[in-house]
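Per full-length UniProt numbering, the sequence shown starts with residue 1, numbered consecutively. Presented below is the structure to which this report refers.
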Amino acid sequence: MSMLMRAPRECASWFWDLEDYAPPGLQSALDTAARMSAVLQKYDLLRPSALEWHWAVPGKGSVAKTRLQLLRPLDDEQLARRIEELRPVGFPEAEFSGFLITGLGKWFDERGAQRQEYGLVELTVSSEPLGLSADVAVHHDIWGPFDFRGTPHPEVHQRNAPRLAAALKDLETLLGVIAEPGEPTYFGRAEGYGVGEPEAEGGRGPDLTDQL
1 MSMLMRAPRE CASWFWDLED YAPPGLQSAL DTAARMSAVL QKYDLLRPSA
51 LEWHWAVPGK GSVAKTRLQL LRPLDDEQLA RRIEELRPVG FPEAEFSGFL
101 ITGLGKWFDE RGAQRQEYGL VELTVSSEPL GLSADVAVHH DIWGPFDFRG
151 TPHPEVHQRN APRLAAALKD LETLLGVIAE PGEPTYFGRA EGYGVGEPEA
201 EGGRGPDLTD QL
């Protein structure tokens, strides 16, 4: 199991309403993202390397998508200025509401070998007029007891799921807010600090490969 299959929708996600944690605004969102990503990096789940976001015009919706390689820390004030400079020239009224932070994360296969995967854990921080919110999402089967084919993989699950659970607990401590589970998808749902166990039949989970 050296290659991971990635689901097009999340297997589980967790949401934090941060209205009472930090004020709205780009610099506040970047500061919060820096603190949250430091927790994820502590467990080798996400080493930030890029930001992605949409520019939206009121009444028109998204007009452009921007991707920026991270050459400085997330909370560096120069990064906030750089983001503002990337506003589409043809849409000076375009607004920035939040960003996706991506990068490499480490996972362990059934033999305990350490591997790296881009987008293993994704962090989104949004800044709306009333305040911030954040979301952590996972798209791979290593966090649950079955792979996407429905085959049990207890060694993989035991080597990876506890790190995700520990990181989510630390994020709750950092933010002072209990995470809310995101909406279930075809590929799974959040349950507590992990991916919920699906109904098994004959010792196997559901085969989800028809939508991969």
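Backbone N, C-alpha and C fix where the C-beta goes; we use that ideal spot for every residue, glycine too.
Practice task
Return the chain-ordered ranges of every beta strand (DSSP E) run that is complete within the segment 35-88 and spans a minimum of 3 residues.
Solution key: Those beta strand (DSSP E) runs which fall completely within the segment 35-88 and span 3+ residues are 47-57 and 61-69.
Handout entry: Exposure of Thr209, with buried meaning 16 or more beta-carbon neighbours within 10 Å
Key = exposed
Problem - residue 218 to Ile178 span [Cα, whole Å] - result: Here the chain has residues from 1 to 212 only, and residue 218 is not among them.
Problem - Beta bridge counterpart(s) of Gly188 as assigned by DSSP - result: According to DSSP, Gly188 bridges with Thr185.
Problem - Where Leu30 falls: helix, strand or coil (DSSP) - result: helix
Exercise for the section: Indicate whether Asp75 and Gly150 have their beta-carbon atoms separated by less than 8 Å. Expected result: Not in contact: Asp75 and Gly150 (Cβ atoms no closer than 8 Å).
Practice task
Please report how far the alpha carbon of His157 lies from the alpha carbon of Gly196, in whole angstroms.
Solution key: 12 Å
Handout entry: Candidates Tyr118, Ala7 and Ala12, of which the one nearest Glu180 by Cα
Key = Ala12
Problem - Sequence-distant residues of the same chain with beta carbon closer than 6 Å to Met5, five excluded per side - result: Cβ contact annotation for Met5 (same chain, cutoff 6 Å, sequence separation greater than five): Phe148 and Leu212, in chain order.
Exercise for the section: Just confirm the distance between the C-beta atoms of Thr173 and Arg9, as a whole number of angstroms; I'd bet it's less than 8 Å. Expected result: Distance from Thr173 to Arg9 at the Cβ level is roughly 28 Å; contact not present, criterion being Cβ atoms closer than 8 Å.
Problem - CB-CB length for residue 215 against Leu46, believed under 8 Å - result: Any property of residue 215 remains undetermined from this structure, which presents the chain solely from 1 to 212.
Exercise for the section: Please determine if the segment 63-77 and the segment 140-147 are in contact, where contact requires at least 3 C-beta pairs separated by less than 8 Å. Expected result: Under the 8 Å Cβ criterion, the segment 63-77 does not count as touching the segment 140-147, having fewer than three qualifying pairs.
Exercise for the section: Just the C-alpha distance for Leu130 and Glu183, rounded to the nearest angstrom, thanks. Expected result: When rounded, the distance between both Cα atoms is 22 Å.
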